[in-house]
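Single-structure report; data block below.
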């Protein structure tokens, strides 16, 4: 579905669809012989392996890495590649069962912190692992160099990042609106603009609590998040015709040809590629480096804003932040190359849409309309009966209350007849009382008009005069 209206009004989808495995598992990495080229705006090298096992995690091979990082608060993602034996580091097994093995991807999430102004005159020899203090904090390993007043927090994340065409059933009880981020311009020349990702985070189930308690919540209903509910497929094995042999996952197919093999093993990009998530342009960041780093990219500001917003709203969960980016990038790649993903299945697809109509199209809708009309008729009848029996005034009475504020023949007659001698008393008379007064005075067929009567000390005066034919 290339148009947003169709996606927003989809009620049911039964049949083949492209399903994404966006799981991410992060843990504190086990680092060996780590060395920094600089406290900030440099690179970190060494050997990395996993520190613990997790479900569906393939055996990990200690792998060398060289990752670039920026300044304090500027996170980056580094993709780990091959080890010295040219074997790919292990990762999460894909949920989709295939005959050929599809390796996922391993990432290092780097979060620098410290005092950038204190890095002057720090020698490289002071930034080796022998001079570092290493500690573990949840899914993070903190590498601190007290002499440089800098800390690099690293988290090792694994993601299968796989997709397959499966026969699925998706449904929803209401239509939805696709979220859209809002751009916030920079406040000065030194800052950088960002996107407000709250609507996107809400759909992903990662929106922060209003009280900013530091925790995160996930909506209990799919309707609350604005997504379709997906029933578990009967089989996670893609049909044989849905994926040609030796082809990498759909969402990664155009990323690179590196690592493809005739054995059916397929891998994503080669390793040691770093992506900065600061939101700054690459040239602005490179000005802070003392050398020109290789394999360095700057993420699009929208992607950087999404990662950082998800990171903050989940209390620093690298796994959920990276999963949000993988989900969004995969959707962008899908709709950006929709003709390549367009697929006509053998057995077809059944889809049901919400539709706005001017008349009922089903018996249930007709019954609801009849009930509404009947309830409306009864309600109006009851109101009319109460008004007819209880009301003492009407719009005519409202008009007499206005006229009673004016001095003239009509109000004078009614005031005298009332016995008060005041024209304002007419304002308290009902329609029936006004009619009786005019009948007793023989003025029941009288016509009147409002005319100006001059000026009284700067105040414009009005009065009611009888119109005689």
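Residue numbers (this note's numbering): 1 to 469.
In this text, a Cβ means the ideal position worked out from N, Cα and C, and glycines have one as well.
Here the structure is a predicted model, which is why all the values come from computation and not from measurement.
For residue 7, no beta strand (DSSP E) run applies; the uninterrupted alpha helix (DSSP H) run containing it begins and ends at 4-9, by DSSP. Going by C-alpha positions, residue 281 is about 8 Å away from residue 299. Judged by DSSP secondary structure, residue 384 falls within the alpha helix (DSSP H) whose first and last residues are 363-390. Under the DSSP assignment, residue 158 falls in the beta strand (DSSP E) whose first and last residues are 150-159.
The straight-line gap separating the alpha-carbon atoms of residue 27 and residue 52 is approximately 7 Å. By the neighbour-count criterion, in which 16 or more other beta carbons inside 10 Å mark a residue as buried, residue 272 falls on the buried side.
In this structure, residue 161 sits near residue 330, with a CB-CB distance shorter than 9 Å.
Residue pairing by DSSP places residue 162 opposite 21 in a beta bridge. Using a 10 angstroms sphere on the CB of residue 278, the tally of other CB atoms reaches 16 or more, which defines it as buried. Taking the CA atoms as reference points, residue 328 sits about 15 Å from residue 311. Checking the DSSP bridge columns, you'll see residue 170 partnered with 13, 230. Here the segment 153-160 makes contact with the segment 12-27; the two share three or more CB pairs at distances below 8 Å. When 115, 177, 180 are compared, the shortest CA-CA separation from residue 149 is found for 115. Taking 8 Å as the upper bound for CB-CB distance, residue 323 and residue 68 are not in contact here, some 23 Å apart.
The beta carbons of residue 361 and residue 11 sit about 14 Å from each other, so the pair does not count as a contact at 8 Å.
Annotation note: the segment 22-93 contains the following uninterrupted beta strand (DSSP E) runs of length 3 or greater, listed N- to C-terminal: 25-27, 30-36, 42-49, 63-69, 76-80. Taking the Cα positions, residue 42 is about 54 Å away from residue 348. Excluding its 5 nearest sequence neighbours in each direction, residue 177 has C-beta neighbours in its own chain below 8 Å: 8, 226, listed in chain order.
In the three-state scheme derived from DSSP, where H, G and I count as helix and E and B as strand, residue 307 is classed as helix. Secondary structure note for residue 222: its alpha helix (DSSP H) is the uninterrupted segment 222-225. The criterion of a C-beta distance shorter than 9 Å is satisfied by residue 2 and residue 335.
With fewer than 16 other CB atoms across the displayed protein chains lying within 10 angstroms of its CB, residue 386 is exposed.
When DSSP states are grouped into helix, strand and coil, residue 313 belongs to the helix group. Shown here, residue 353 sits in a strand according to DSSP, grouped into three states. When rounded, the separation of the alpha-carbon atoms in residue 134 and residue 205 is 33 Å.
In the DSSP assignment, residue 336 falls outside any beta strand (DSSP E) and within the unbroken alpha helix (DSSP H) covering 318-336. The segment 103-113 and the segment 71-82 touch, with no fewer than 3 CB-CB distances between them shorter than 8 Å. About 4 Å separates the beta carbon of residue 195 from that of residue 305, a gap short enough to meet the 8 Å contact definition. The DSSP-derived three-state label of residue 440 is helix.
Put simply, the backbone Cα of residue 432 is about 18 Å away from that of residue 447. Boundaries of the alpha helix (DSSP H) around residue 202: 198-204. For residue 143, the enclosing beta strand (DSSP E) covers residues 140-145.
Residue pairing from DSSP leaves residue 286 without any beta-bridge partner.
Cβ-Cβ separation between residue 165 and residue 238: approximately 6 Å, consistent with a contact (criterion under 8 Å). DSSP places residue 176 outside any beta strand (DSSP E), giving it a letter other than H or E.
With contacts defined as CB atoms closer than 9 Å, residue 231 and residue 175 fail to qualify as a contacting pair.
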